[in-house]
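Colleague:
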Amino acid sequence: MKVRAWGGQERRAATGAVPRQSARAHADPLSASAQTGPPDGLIVRNEPGYPYRTRRHAMVPGIQSDSGLSSEQAAQALAAQGPNTLPDTTHRAWWSTLAEILREPMFLLVLAAGLLYLGFGDRRDGLTLLVFVLVTLGMTLYQQGRTTRAIEALHALTVPQARVVRTLAWMALGLSAVMVLLHGLLRGDWLQALLAGVALAMAMLPEEYAVVRTVFPALGAHRLSKEGVLTRSIPAIETLGSITVLCSDKTGTLTENRMTVAHLVAGPQLQERIDLPALVGQMRLPAPFLPLLESALLASVAEPFDPMEQAIHRLGRCVLSGPDLAHPGWRLVQVYALSPALRALSQAWTVPGQEKQRVVTKGAPEAVIDLCHLDAQRRRQVEALVDEMAARGLRVLAVARGSFSGRRWPACAHDLDFDFLGLLGLSDPVRAEVPGAVAECRAAGIRVIMITGDHPVTARAVAQAAGLELPAGCPDALLSGHELAALDDEALRQRMATVRVCSRIAPEQKLRIVQALQARGEIVAMTGDGVNDAPALRAAHVGVAMGRRGTDVARQAAALVLVDDDFAAIVRAIRAGRRIFDNLGRAMAYTLAVHVPIAGMALLPVLVGWPVLLQPMHIALLELVINPACSVAFENEPADPSVMRRPPRDVSAPLLARGMLWQAAWQGLGVLAVVMAGFAWILPLRPESEARAFAFAILVSANLALILSSRSAVDPLPVTLRIPNRNLWIIVILAFVLLLCALQQPLMAHVMRFSPLSVQDLALACSLGLLSVLWFELVKAARACLHAPAKALREGTQSGKAC
7 MKVRAWGGQE RRAATGAVPR QSARAHADPL SASAQTGPPD GLIVRNEPGY PYRTRRHAMV
67 PGIQSDSGLS SEQAAQALAA QGPNTLPDTT HRAWWSTLAE ILREPMFLLV LAAGLLYLGF
127 GDRRDGLTLL VFVLVTLGMT LYQQGRTTRA IEALHALTVP QARVVRTLAW MALGLSAVMV
187 LLHGLLRGDW LQALLAGVAL AMAMLPEEYA VVRTVFPALG AHRLSKEGVL TRSIPAIETL
247 GSITVLCSDK TGTLTENRMT VAHLVAGPQL QERIDLPALV GQMRLPAPFL PLLESALLAS
307 VAEPFDPMEQ AIHRLGRCVL SGPDLAHPGW RLVQVYALSP ALRALSQAWT VPGQEKQRVV
367 TKGAPEAVID LCHLDAQRRR QVEALVDEMA ARGLRVLAVA RGSFSGRRWP ACAHDLDFDF
427 LGLLGLSDPV RAEVPGAVAE CRAAGIRVIM ITGDHPVTAR AVAQAAGLEL PAGCPDALLS
487 GHELAALDDE ALRQRMATVR VCSRIAPEQK LRIVQALQAR GEIVAMTGDG VNDAPALRAA
547 HVGVAMGRRG TDVARQAAAL VLVDDDFAAI VRAIRAGRRI FDNLGRAMAY TLAVHVPIAG
607 MALLPVLVGW PVLLQPMHIA LLELVINPAC SVAFENEPAD PSVMRRPPRD VSAPLLARGM
667 LWQAAWQGLG VLAVVMAGFA WILPLRPESE ARAFAFAILV SANLALILSS RSAVDPLPVT
727 LRIPNRNLWI IVILAFVLLL CALQQPLMAH VMRFSPLSVQ DLALACSLGL LSVLWFELVK
787 AARACLHAPA KALREGTQSG KAC
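In case it helps, my numbering puts the sequence shown at residues 7 to 809.
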């Protein structure tokens with residue numbers, strides 16, 4: 007048997023059987039995008055200018071591009087190119103991670119200090135530093151492993167590896183060289199000069215920056231997976247906090263994707279109407295509606311995937327029986343595929359015992375009206391019914407049937423004769439959580455745009471049910487696909503300033519919507535599930551694919567994948583993205599602040615002729631507190647309560663803004679001043695080792711106070727202390743225990759060049775450490791008092807705004 011190929015050319019079919027098809031190829035009158043080829047044995051035609059989209063196989067020598075693969079050719083392709091899967095590149099062997107750590111400047115500096123001690127015969131100090139090396143190595147391997155496991159727990163993630171330009175390392179090495187020369191020339195002790203230089207270099211290297219930039223997004227992706235959002239592109243997590251426009255599909259994302267046939271219109275004059283909920287408990291449909299439902303079934307695939315066709319099949323099984331449902335002996339022989347030019351699917355069947363073939367069509371009402379060539383009066387009647395049903399939020403399909411005799415099928419469905427049968431209204435309730443999520447987006451300064459293939463009236467009704475802002479006096483809030491096609495790029499850019507709903511949109515038009523919004527400077531997130539959605543998903547700043555009903559092509563093009571296709575999950579992801587960025591800023595500000603006093607106390611005592619305060623083992627001990635504080639404590643900070651009540655972050659703004667940078671620097675300088683003053687005060691009164699212990703206790707206490715104070719740039723310390731963070735308190739307690747061991751345990755105290763402190767001196771040192779950040783707490787309190795009236799006015803204005 008010969009059949010015509012998808013493009014109109016003839017090809018020979020291997021069989022006349024009709025295999026299972028993807029219903030998304032033609033069932034949805036608006037969003038279907040022909041994702042698979044037609045079944046063998048059928049003549050499938052398309053409207054001019056709209057080729058049937060098919061999947062393409064790998065190019066293998068000897069294989070025709072339109073004939074598919076035989077078993078032997080498939081085996082040849084598999085041997086030549088491997089399986090049709092993406093390689094797994096996420097796993098890294100532990101020795102690869104170890105080799106990378108061994109090249110880190112901080113590790114090399116600690117190792118160099120240990121070797122210096124050993125080289126000059128100080129075995130105990132050398133071995134102590136080497137123990138610090140092993141501990142640091144173990145912590146780093148643990149953090150890297152935790153990050154890697156978090157990434158590997160997410161399927162098919164793409165993790166770009168960032169390389170940091172280590173200009174700080176060169177600066178640190180230069181200053182350390184100067185320090186070595188000054189110390190050696192002035193004091194003549196070149197061993198201590200070398201150790202002081204190494205300590206200064208260690209103090210000046212904020213290695214934590216690279217750690218937090220890697221750990222935070224990776225663990226954030228792991229957290230998102232628990233919220234039902236899989237991350238394919240790690241950088242998208244930070245972009246989430248900058249989104250200004252969220253473009254969302256309607257069906258299955260804003261709605262439950264649980265279609266039911268709710269209303270039928272039939273009869274010669276369309277005078278018969280029925281609400282399907284009234285049929286509860288009944289198993290028969292009134293006779294005038296039987297041809298309508300039967301034809302709708304014949305215009306659907308036998309095993310539907312699309313929710314609308316599933317709803318039609320459910321109703322058919324409920325109210326039809328026997329030949330009206332099974333159609334024994336009927337054979338599908340012709341398909342006119344849905345296209346943007348004609349949003350209707352037509353199918354032709356041979357009927358046993360009849361010469362004429364039965365032709366049925368269903369689709370968008372305006373398309374079926376055109377196929378039926380209705381006169382103006384009849385057209386107005388149908389359009390009025392459609393508007394009435396659409397105003398109830400129903401997705402409306404029109405159904406018609408006809409017949410054809412002959413062997414040569416027309417080139418398009420317009421050349422067939424159809425009789426208009428009636429309308430089906432399908433309901434798909436809005437998800438219960440959507441209005442709250444839309445309101446949360448509005449409070450966060452994010453404009454939600456609903457994109458649907460529905461009739462404009464249906465789209466408006468559903469948008470209002472979802473909580474989208476559609477001012478009655480603003481017609482520009484709704485844009486149809488027909489209007490979009492008539493606009494050039496500049497006109498569309500201007501039009502998108504006010505759009506809230508896009509109706510009758512074809513998947514290919516999504517890309518223009520994204521580009522127009524981006525031309526306005528918007529940061530765009532776009533959802534999609536079909537093959538033809540892939541360009542828009544790839545072009546958007548954050549593409550979001552559907553996990554349940556999405557195609558592989560859409561998922562591979564997207565940055566995020568929704569496991570349950572839930573709109574509220576996108577909003578949770580945005581909230582998580584803002585939280586991650588906030589915590590990144592806190593961790594980096596703390597890192598800068600804490601390194602200022604460490605570097606200062608490694609340098610200033612040498613310059614003023616005092617005894618050396620910080621040696622490499624002291625810096626290594628401090629790093630045991632600083633590193634986990636950055637990568638574990640701050641990463642675990644909960645979101646600020648106001649995180650979704652402030653506008654999106656400027657995507658071009660630096661991670662550490664200038665104000666935040668200066669604030670961290672001043673915090674560090676405040677700690678440095680207190681530690682330096684404490685060291686200067688106690689140095690004449692106590693032995694050198696005791697004075698060093700006293701100053702070190704101030705520094706560690708101030709470090710812990712910085713951790714607690716850096717949790718918020720607004721809330722005072724009594725408020726932040728009530729915010730739960732188990733990891734933070736574990737680190738604070740362990741750090742204090744480590745300080746006590748270093749001060750009071752004889753072996754550790756000897757290695758650290760400390761003498762035990764009395765309870766009074768230890769309490770005084772801890773108090774001074776806490777006082778070193780008190781000034782910043784006073785600044786926060788003053789800032790809160792100054793901003794309180796403006797904040798109250800702003801919140802009152804926002805609460806008074808109409809939705």
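Quick reminder that beta carbons are idealized off the backbone N, C-alpha and C, glycines included.
Could you pull the start and end residues of the alpha helix (DSSP H) that residue 574 belongs to?
Modeller: Counted from its first residue, the sequence shown places residue 574 at position 568. Element bounds for residue 574: 573-613.
Colleague: Return the Cβ separation of residue 522 and residue 427 in integer angstroms, given the expectation that the two are a contact with Cβ distance under 8 Å.
Modeller: Start at 1 with the first residue of the sequence shown, and residue 522 comes out as number 516. Start at 1 with the first residue of the sequence shown, and residue 427 comes out as number 421. Rounded, the Cβ-Cβ distance is 39 Å, inconsistent with contact.
Colleague: Run through the segment 660-724 for me and flag every whole alpha helix (DSSP H) of 4 or more residues, listed as ranges in chain order.
Modeller: As far as the segment 660-724 is concerned, its whole alpha helix (DSSP H) runs of at least 4 residues are 664-688 and 694-715.
Colleague: Leaving out the 5 sequence neighbours to the left and right, which residues in its chain are closer than 8 Å to residue 654 when beta-carbon positions are compared?
Modeller: Indexing the sequence shown from 1 puts residue 654 at position 648. Excluding sequence neighbours, residue 654 sits near 247, 248, 249, 250, 450, 451, 452 and 529.
Colleague: Label residue 586 either buried or exposed according to how many other C-beta atoms from any shown protein chain fall within 10 Å of its C-beta, with 16 as the threshold for buried.
Modeller: As a working mapping, residue 586 is identified with position 580 in the sequence shown. Flag for residue 586 reads buried.
Colleague: Mind checking residue 500: buried by the 16 CB within 10 Å criterion, or exposed?
Modeller: Here residue 500 refers to the residue found at position 494 of the sequence shown. Residue 500 is exposed by the Cβ-count criterion.
Colleague: Using a 10 Å radius around the Cβ and a threshold of 16 neighbouring Cβ atoms, would you call residue 739 buried or exposed?
Modeller: Within the sequence shown, residue 739 is the residue found at index 733, counting from 1. It is exposed - the Cβ of residue 739 has fewer than 16 other Cβ atoms within 10 Å.
Colleague: Going by C-alpha to C-alpha distance, which of 539, 226 and 232 sits closest to residue 241?
Modeller: The sequence position of residue 241 within the sequence shown is 235, counting from 1. Measuring from the Cα of residue 241, the nearest candidate turns out to be 226.
Colleague: I'd like to check one pair, residue 742 with residue 706: are the Cβ atoms closer than 9 Å?
Modeller: In the sequence shown, counting from the first residue as 1, residue 706 sits at position 700. In the sequence shown, counting from the first residue as 1, residue 742 sits at position 736. Taking 9 Å as the Cβ cut-off, residue 706 and residue 742 qualify as a contacting pair.
Colleague: With distances taken from CA atoms, which of 294, 310, 414 and 399 is nearest residue 458?
Modeller: The count along the sequence shown starts at 1 and reaches residue 458 at position 452. Looking at the Cα atoms, 399 is the closest of the given residues.
Colleague: Tell me the DSSP secondary structure of residue 278 in three-state form.
Modeller: As a first step, residue 278 is located in the sequence shown; it is residue number 272 there, counting from the start. Residue 278 falls in the strand class under three-state DSSP.
Colleague: Which residue or residues does DSSP assign as beta-bridge partners of residue 3?
Modeller: This structure leaves residue 3 out entirely; the chain is present only between 7 and 809.
Colleague: Closer than 7 Å by C-beta to residue 758: which residues in its own chain qualify, once you throw out the five before and the five after it? Chain order, please.
Modeller: Here the question's residue 758 lines up with position 752 in the sequence shown. Cβ within range, chain order: 623, 624 and 748.
Colleague: Check whether the segment 454-471 and the segment 411-418 are in contact - that is, three or more C-beta pairs closer than 8 Å.
Modeller: No, the segment 454-471 does not touch the segment 411-418.
Colleague: Do you know offhand how far residue 812's Cα is from residue 512's?
Modeller: Outside the displayed range of the chain (7 to 809) lies residue 812, so it cannot be described from this structure.
Colleague: For residue 408, which option in 356, 233 and 490 has the closest C-alpha, if you only look at C-alpha atoms?
Modeller: Stepping through the sequence shown from its first residue, residue 408 is reached at position 402. Checked all of 356, 233 and 490; the closest Cα to residue 408 is 356.
Colleague: At 3 residues or longer, and completely inside the segment 515-559: list those beta strand (DSSP E) runs for me, N to C.
Modeller: List check, beta strand (DSSP E) in window: 530-534 and 548-552.
Colleague: Can you give me the Cβ contacts of residue 229 inside the same chain, cut-off strictly under 8 Å, excluding the 5 residues immediately before and after it?
Modeller: Position 223 of the sequence shown holds residue 229. Correct list, in chain order: 582.
Colleague: Can you look up residue 316 in the DSSP assignment and give me helix, strand or coil?
Modeller: For the purposes of this step, residue 316 is taken as residue 310 along the sequence shown, with counting starting at 1. It is helical.
Colleague: Cα separation between residue 661 and residue 691?
Modeller: Working through the sequence shown from its first residue, we reach residue 661 at position 655. Working through the sequence shown from its first residue, we reach residue 691 at position 685. Distance between the alpha carbons of residue 661 and residue 691 is about 45 Å.
Colleague: Please classify residue 750: does DSSP put it in a helix, a strand, or coil?
Modeller: As a first step, residue 750 is located in the sequence shown; it is residue number 744 there, counting from the start. DSSP places residue 750 in helix when its eight states are reduced to three.
Colleague: Let me check one thing: in DSSP terms, what residues is residue 364 bridge-paired to?
Modeller: As a first step, residue 364 must be located in the sequence shown, where it is residue number 358. Beta-bridge pairing links residue 364 to 355 and 409.
Colleague: Evaluate residue 368 with the Cβ neighbour count: other Cβ atoms within 10 Å of its Cβ, from every protein chain shown; 16 or more gives buried, anything less gives exposed.
Modeller: To locate residue 368, count along the sequence shown from 1; it is residue 362. With 16 or more Cβ atoms within 10 Å of its Cβ, residue 368 is classed as buried.
Colleague: Where does residue 370 sit, in a helix, a strand or coil, going by DSSP?
Modeller: As a working mapping, residue 370 is identified with position 364 in the sequence shown. It is coil, neither helix nor strand.
Colleague: Kindly list the residues whose CB is nearer than 6 Å to the CB of residue 245, restricted to its own chain and excluding five residues on each side of it in sequence; keep chain order.
Modeller: Numbered from 1 along the sequence shown, position 239 holds the residue referred to as residue 245. Counting only Cβ-Cβ distances below 6 Å, and skipping sequence neighbours, we find 547 and 548.
Colleague: Among all the DSSP beta bridges, which residues are the ones paired with residue 253?
Modeller: Your numbering for residue 253 matches position 247 in the sequence shown. Per DSSP, 455 and 532.
Colleague: Just tell me which of 358, 656, 216 and 326 has its CA closest to the CA of residue 527.
Modeller: Start at 1 with the first residue of the sequence shown, and residue 527 comes out as number 521. It is 656 whose Cα lies nearest to the Cα of residue 527.
Colleague: Taking only three categories from DSSP, how would you classify residue 431?
Modeller: As a first step, residue 431 must be located in the sequence shown, where it is residue number 425. In the structure shown, residue 431 sits in a strand (DSSP, three-state: E or B).
Colleague: In chain order, what residues of the same chain lie with their CB nearer than 6 Å to the CB of residue 713, ignoring the 5 residues before and after it?
Modeller: Taking the first residue of the sequence shown as position 1, residue 713 is located at position 707. Answer for residue 713: 635, listed in chain order.
Colleague: Ordered along the chain, which non-local residues of its own chain (more than five positions away) have a Cβ less than 7 Å from that of residue 559?
Modeller: Counting from 1 along the sequence shown, the entry for residue 559 is found at position 553. These residues qualify, in order along the chain: 537 and 540.
Colleague: Kindly confirm or deny that the segment 425-442 and the segment 326-341 touch, where touching means at least three C-beta pairs closer than 8 Å.
Modeller: Touching, no.
Colleague: Would residue 331 and residue 303 be called neighbours here (beta carbons separated by less than 9 Å)?
Modeller: Taking the sequence shown and counting its residues from 1, one reaches residue 331 at position 325. Taking the sequence shown and counting its residues from 1, one reaches residue 303 at position 297. Result yes, Cβ atoms of residue 331 and residue 303 sit closer than 9 Å.
Colleague: Counting along the chain, where does the alpha helix (DSSP H) carrying residue 466 start and finish?
Modeller: Mapped onto the sequence shown, residue 466 falls at position 460. Counting along the chain, the alpha helix (DSSP H) containing residue 466 begins and ends at 462-472.
Colleague: Taking the alpha-carbon of residue 569 as reference, which of 792, 237, 721 and 346 has the nearest alpha-carbon?
Modeller: For this step, residue 569 is matched to residue 563 along the sequence shown. Minimum Cα distance to residue 569 is reached at 237.
Colleague: Measuring only the C-alpha atoms, how far is residue 596 from residue 724?
Modeller: Counting from 1 along the sequence shown, the entry for residue 596 is found at position 590. Counting from 1 along the sequence shown, the entry for residue 724 is found at position 718. Computed Cα separation, rounded: 19 Å.
Colleague: Enumerate, from N- to C-terminal direction, the unbroken alpha helix (DSSP H) stretches of 4 or more residues contained entirely within the segment 169-205.
Modeller: As far as the segment 169-205 is concerned, its whole alpha helix (DSSP H) runs of at least 4 residues are 173-193.
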